[in-house]
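Asks: Chains as they are written, first to last, in this note's numbering: chain A, 26 to 327; chain B, 26 to 327; chain C, 26 to 327; chain D, 26 to 327.
Glycine residues also receive a C-beta, built at the ideal position from the N, C-alpha and C atoms.
Below is a structure I'd like to ask you about.
Number of protein chains: 4
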Amino acid sequence: MPLLPEQAAEIQKQRGQSQATLRTVSLGLEDHLYTAYPILDHGFVRVIDYMGDDAAICQAARVSYGKGTKSVQNDEGLIRYLMRHWHSTPFEMCEIKLHVKLPVFVARQWIRHRTANVNEYSARYSILDREFYIPAEDALAAQSLINNQGRGASLSGEEAERVLRYLRDDAARCYDHYEEMISDDGQQGLARELARMNLPANIYTQWYWKVDLHNLLHFLRLRADSHAQYEIRIYADEICKIVADWVPFAYAAFEDYRMGGAILSSKAVTCIRRMLAGESVTQESSGMSKGEWREFEAVIRE
Amino acid sequence: MPLLPEQAAEIQKQRGQSQATLRTVSLGLEDHLYTAYPILDHGFVRVIDYMGDDAAICQAARVSYGKGTKSVQNDEGLIRYLMRHWHSTPFEMCEIKLHVKLPVFVARQWIRHRTANVNEYSARYSILDREFYIPAEDALAAQSLINNQGRGASLSGEEAERVLRYLRDDAARCYDHYEEMISDDGQQGLARELARMNLPANIYTQWYWKVDLHNLLHFLRLRADSHAQYEIRIYADEICKIVADWVPFAYAAFEDYRMGGAILSSKAVTCIRRMLAGESVTQESSGMSKGEWREFEAVIRE
Amino acid sequence: MPLLPEQAAEIQKQRGQSQATLRTVSLGLEDHLYTAYPILDHGFVRVIDYMGDDAAICQAARVSYGKGTKSVQNDEGLIRYLMRHWHSTPFEMCEIKLHVKLPVFVARQWIRHRTANVNEYSARYSILDREFYIPAEDALAAQSLINNQGRGASLSGEEAERVLRYLRDDAARCYDHYEEMISDDGQQGLARELARMNLPANIYTQWYWKVDLHNLLHFLRLRADSHAQYEIRIYADEICKIVADWVPFAYAAFEDYRMGGAILSSKAVTCIRRMLAGESVTQESSGMSKGEWREFEAVIRE
Amino acid sequence: MPLLPEQAAEIQKQRGQSQATLRTVSLGLEDHLYTAYPILDHGFVRVIDYMGDDAAICQAARVSYGKGTKSVQNDEGLIRYLMRHWHSTPFEMCEIKLHVKLPVFVARQWIRHRTANVNEYSARYSILDREFYIPAEDALAAQSLINNQGRGASLSGEEAERVLRYLRDDAARCYDHYEEMISDDGQQGLARELARMNLPANIYTQWYWKVDLHNLLHFLRLRADSHAQYEIRIYADEICKIVADWVPFAYAAFEDYRMGGAILSSKAVTCIRRMLAGESVTQESSGMSKGEWREFEAVIRE
């Protein structure tokens, strides 16, 4: 359980304080506000604030004086049109702020998305907690034999046990020494900004992360993808559920045009035309490399 | 008066629809929401939405679970500290969305601030209104004789009259021809995306502009400055008033450390030390150029 | 002809001054350096500087010590892989700086691409030249009847003549008055920053524009597209030729995967699978809207 | 020594291959190209490529056809003017690409500067080397007693020894286990993307980092500052030397107006005016907090 009782109490308090506003309200997202959704063994995602909803996307696309909604049906069609034609600026008119607790090696991938605002818990200023990510049994994957950047089956038996023992023991020992080094009990105490260097990358950090909807969807497309590392994908999956409740039309269009669709090269388009015309096309006659052909087949065959 | 009756009615309707939210609410900004503040002869600024307040800045700086407010006094001190030491990321945690109507030549300066989200009324898709900025008498300034990029005194008499006549007549004629060219009455009608090229730069456009507080303050520092062109400064001045009601602590710190302060070169710091030690320093003995010395004197003399 | 004799002489001089460098050199791009390629009636594009080449993309992807080239074949394969899988950061390692002269209404579209560096000729500080874009006969297009944002056939006869007369006369008159207003001959002279507001949007401006290859390709995908306005597309087309000589592998991959390919929704993927399985699919049975189906058919039929 | 013999040979080879170019060449920077300047115990900075020089800044500011240089004196004055008045866009017209090897905890600070392009060595794809930052004796600082975010004096004696032993032993053991876990010798072998989580934050990583001069100077202002953590400041200091040789006028202006100068609040300006008028001002009569007054005194007293 990632929260201390006083943290849970603060969240409870936040959820109890309703106020009147003249702003656009997304009822779907209000239900999620402040609640910490547990992820991995000590992590979480929770929504701190947001701006806009589906109607706000249309309002900006139309640069309108009022709410901008002509009709619900109309809004859905416009949003699908904008998504299909890569009109990204109206989606930038919605914004969300998250509080995320995550292992450092996940944070290092996450931060590569530059178009976002971040405030991270400072290990120069403060002392980190003794919390490390230790994979569950079924997430303890072997190196893929065919993909340098991927995973194979789960480890098992003695090997799995040994890995878990190393991860647990090394984390514990490194943290013991971290605590001992910064202690000023009978000694000077090493500077925090130095002592933190002894902590392995599975220690948890946390940050406030604020991003507009367009850039969030771009993040989700890459990180909720099956090729993303499991430990960041599980955060992306949770955020997907939140976004689906926040901007249902935009999220459905995103699923249809980005997540569920496919991007074809001009070679692939030519192949499809030939196949629909009755021709039998093989990798050799396609003009594609083996890797491209494999990816192409995954698109056209169920 | 920049608004049509139906536009004013839509704004009135927006201001009448209060809803409950669990989010942070800035009471000071709620008062401004949707109201169109008139600027120049046909322009306006109005707040469409916002995220965060002074407490949200502190909450992000502390990466806290709850509201993050320790005490009001504490928050003010923290915000001043953050502003003084150029910790910009906590200010990025607040966001505002404006609807602005402004002359095209002002929009061209404004858009140079890249870290913002923009949706502009499209003159490819829609027909622009017949609204042009014609300066008031006291804004009809002569070219500065000492500053290539500045203004001198106001024009007067026959010269002023002639300028106003040119501006009015040319705008009217160009718009007449714009309308005539796009008309499909008895002719094909020129494409809108082409016809718009006949419209002078004092025609009004409008956009939705969304920006975080850090980048907004940067915009205000440059555009509410006395060296900014009057026609954009008057927008910045109006936005300053809005920000002061939205995040009073942050705005006060901004006024003290950015707007009202001064940036000194190392040469200038050396001069001040010499002067405080009793030495009489002149431009010649300062090591500064004439331009630098003039700016230095403006800082140290009232 | 867009260049004055002294400008042409300066360009000639730049092309004559070769120096030794240890940096990566793209021979294909050296041939283009400084030459002004004419576009529209008074515009141009010319390359001022660049950084990197195809090998530099691979070098960054591999974070290598040396040149990073394993073999030319290897580099091409890697670049195609990176493009196919949306690995954008290696493409950001190349940079190009252009000097562009373009009508103001084109500049207003162009500047919407925010991830670039820009220095524009200042009409606050300087006096603009009397140069206006007047479309050639075949670019004088009617408004599209089916697409609010598009063009139909060219205007002809009396209508075409009238449009050209309006554009020419209004530009000339507005510029005459601009000159008259800023003149200090026997009068104070209006400030330049004000007088410019009388100039229509077909006046030419110019800027230095610097952008990395990833963002340039994104610009080209949108602006060299058949739906882009002709007056910006013709700039994009010229830049495409330059990029093809600069980074031939990257440009070929861009053409195959971005320009020439297609993006399919999940509905479209399902339809293709059904069609390849022998089913006859119609718009009604596809689950797509009429607009989507029309775009889908354009992909699968030649 | 951070380089392997074959790496040193590759660098040597790069420095031996001069080619002709028509581009702007900075002789001062050519001398640095590719050379790896050692930093900390295993790190380095080396320049891979660059674009522009002092003259290129002026050329962009003037949007000129030729080299843009009127005279060397003229250029220096213009650059000082641009720096003094925060005209940042001309400085964005220069670009530099660095190859940096640095400890992960330094990389985590560095990456917070978002306006740059980065390609980092991938620990998902590749195996990291056994190289850890172990502070030199005089960099083994105690926690500051007055500043939560700072350092005090160096540790010594038994405490220093113990800290060094912990850092060395924990790094060695964690790396041993990392190697053992990814080994496929007689076992499946843990996925690299998982095994890396066992490595502490003082392990070295490396990346290609590309940034424009304006954003680089901003980075240097914050990271070459005396309040920056020593382990990143030493990188910034080395880069300062490189920039001084690359764009000497811009760097001198930066030193005078940014690094060596001071930013005064409006309260501080008022105090200076009062003091120059002969008044004796104290913290109490200044209106400043104790912290502000302490910083103010550091500016006006040598």
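So, with DSSP's three-state summary, where would you put D:Ile171?
Replies: D:Ile171 falls in the coil class under three-state DSSP.
Asks: Taking three-plus beta-carbon pairs below 8 Å as touching, is the region 110-128 of chain A in contact with the region 291-300 of chain C?
Replies: The answer is no - the region 291-300 of chain C does not touch the region 110-128 of chain A, with fewer than three Cβ pairs under 8 Å.
Asks: When the distance is taken between beta carbons, is C:Arg149 closer than 7 Å to B:Ser174?
Replies: In the sequence as presented, Ser is not what sits at residue 174 of chain B; that position holds Gln. Closer than 7 Å, so yes.
Asks: Looking only at C-alpha atoms, which of A:Ala61, A:Val50, A:Gly77 sits nearest to A:Gln39?
Replies: Cα-wise, what sits closest to A:Gln39 is A:Ala61.
Asks: Mind checking the region 245-257 of chain B against chain D and listing, in chain order, the residues whose C-beta falls within less than 9 Å of any C-beta there?
Replies: If the cut-off is 9 Å between Cβ atoms, the region 245-257 of chain B has Arg246, Leu247, His252 near chain D.
Asks: Relative to the C-alpha of A:Trp135, which candidate in A:Glu320, A:Ala196, A:Ala302, A:Thr230 has its C-alpha closest?
Replies: Answer by Cα proximity: A:Thr230.
Asks: In terms of alpha-carbon separation, which member of C:Asn227, C:Arg298, C:Met300, C:Ala302 lies closest to C:Val131?
Replies: When each option's Cα is compared against that of C:Val131, the closest is C:Asn227.
Asks: Please name the residue, chosen from A:Arg109, A:Pro225, A:Phe321, that lies closest to A:Ser311 on a Cα-to-Cα basis.
Replies: Closest by alpha carbon: A:Phe321.
Asks: Just checking, does the region 184-200 of chain A make contact with the region 140-156 of chain D on the three C-beta pairs under 8 Å criterion?
Replies: Flag = no, the region 184-200 of chain A and the region 140-156 of chain D do not touch.
Asks: In terms of residues, what are the limits of the beta strand (DSSP E) holding D:Val236?
Replies: 229-237 is the extent of the beta strand (DSSP E) around D:Val236.
Asks: With DSSP as the reference, identify every bridge partner of D:Gly68, one or two as the case may be.
Replies: Answer is D:Ile64, bridged to D:Gly68.
Asks: Taking C-beta pairs closer than 9 Å, name the residues in chain F that C:Arg298 reaches, listed in chain order.
Replies: Given the protein chain composition of this structure (A, B, C and D), no chain F is represented.
Asks: Between the Cα of A:Glu162 and those of A:Ala253, A:Gly182, A:Ile171, A:Ile257, spot the shortest distance and give me the residue it belongs to.
Replies: For A:Glu162, the nearest C-alpha among the options comes from A:Gly182.
Asks: Around the C-beta of A:Leu103, are 16 or more other C-beta atoms found within 10 angstroms, so that it is buried, or is it exposed?
Replies: It counts as buried.
Asks: I need the boundaries of the alpha helix (DSSP H) containing C:Glu186, first residue and last residue.
Replies: From DSSP, the alpha helix (DSSP H) with C:Glu186 extends over 182-207.
Asks: What is the residue span of the alpha helix (DSSP H) that B:Glu309 lies within?
Replies: Per DSSP, B:Glu309 belongs to the alpha helix (DSSP H) from 308-311.
Asks: Which first and last residues belong to the alpha helix (DSSP H) in which D:Leu52 is found?
Replies: Looking at the DSSP string, the run of the alpha helix (DSSP H) that includes D:Leu52 is 52-55.
Asks: For D:His138 versus D:Arg71, is the C-beta spacing smaller than 7 Å?
Replies: No. Outside cutoff.
Asks: Can you give me the Cβ contacts of D:Glu101 inside the same chain, cut-off strictly under 7 Å, excluding the 5 residues immediately before and after it?
Replies: Answer for D:Glu101: Phe274, listed in chain order.
Asks: Does the region 45-65 of chain C come close enough to the region 262-277 of chain C that 3 or more CB-CB pairs lie under 8 Å?
Replies: Yes: the two stretches touch, three or more of their Cβ pairs being nearer than 8 Å.
Asks: C:Leu29: which of C:Arg198, C:Leu224, C:Gly68 sits nearest, CA to CA?
Replies: If we check each option's Cα against that of C:Leu29, C:Gly68 comes out closest.
Asks: Of all the residues that make up the region 36-64 of chain B, which are near chain D by a beta-carbon distance shorter than 8 Å?
Replies: Within the region 36-64 of chain B, no residue has a Cβ that lies closer than 8 Å to any Cβ of chain D.
Asks: Compute the distance between the beta-carbons of B:Ala85 and A:Tyr75, then report whether it is under 7 Å.
Replies: No, they are not a contact pair.
Asks: Can you pull the chain D residues whose beta carbon is under 8 Å from the beta carbon of A:Tyr191, in chain order?
Replies: Those within 8 Å of A:Tyr191 in chain D are His202, Glu205, Met206, Asn223.
Asks: If you draw a straight line from the C-alpha of A:Val306 to the C-alpha of B:Tyr90, how long is it?
Replies: When rounded, the distance between both Cα atoms is 58 Å.
Asks: Could you give the residue range of the beta strand (DSSP E) that holds B:Ile288?
Replies: Element bounds for B:Ile288: 287-289.
Asks: Exposed or buried, C:Arg326, counting other C-beta atoms within 10 Å across all chains shown (16 or more means buried)?
Replies: Per the 10 Å Cβ criterion, exposed.
Asks: How about A:Ala178 and A:Tyr203: do their beta carbons lie closer than 7 Å?
Replies: No; because the gap between Cβ atoms is not below 7 Å, this pair is not in contact.
Asks: How is C:Thr114 classed by DSSP in three states: helix, strand or coil?
Replies: Helix, per DSSP.
Asks: What is the C-beta distance between A:Val268 and A:Leu247, in whole angstroms, given that I count them as a contact (C-beta under 8 Å)?
Replies: No, A:Val268 and A:Leu247 are not in contact; Cβ-Cβ is about 15 Å, not under 8 Å.
Asks: Could you check whether the Cβ of B:Met313 sits closer than 6 Å to any heavy atom belonging to the ligand FAD?
Replies: In the structure on display, the ligand FAD does not appear, and there are no ligands present to speak of.
Asks: Quick one: using the 10 Å Cβ neighbour count with 16 as the cut-off for buried, is C:Glu256 buried or exposed?
Replies: Per the 10 Å Cβ criterion, buried.
Asks: Contact criterion: CB-CB distance below 7 Å. Does C:Glu156 meet it with respect to chain B?
Replies: Not an interface residue.
Asks: Can you tell me which of the three DSSP states C:Ile152 falls into?
Replies: Three-state DSSP puts C:Ile152 in coil, outside helix and strand.
Asks: Does the beta carbon of A:Asp210 come closer than 7 Å to any beta carbon on chain B?
Replies: So no, A:Asp210 is outside the interface.
Asks: Would you check if the region 277-292 of chain D and the region 151-160 of chain D touch, i.e. whether three or more CB-CB distances between them fall below 8 Å?
Replies: No, the region 151-160 of chain D is not in contact with the region 277-292 of chain D.
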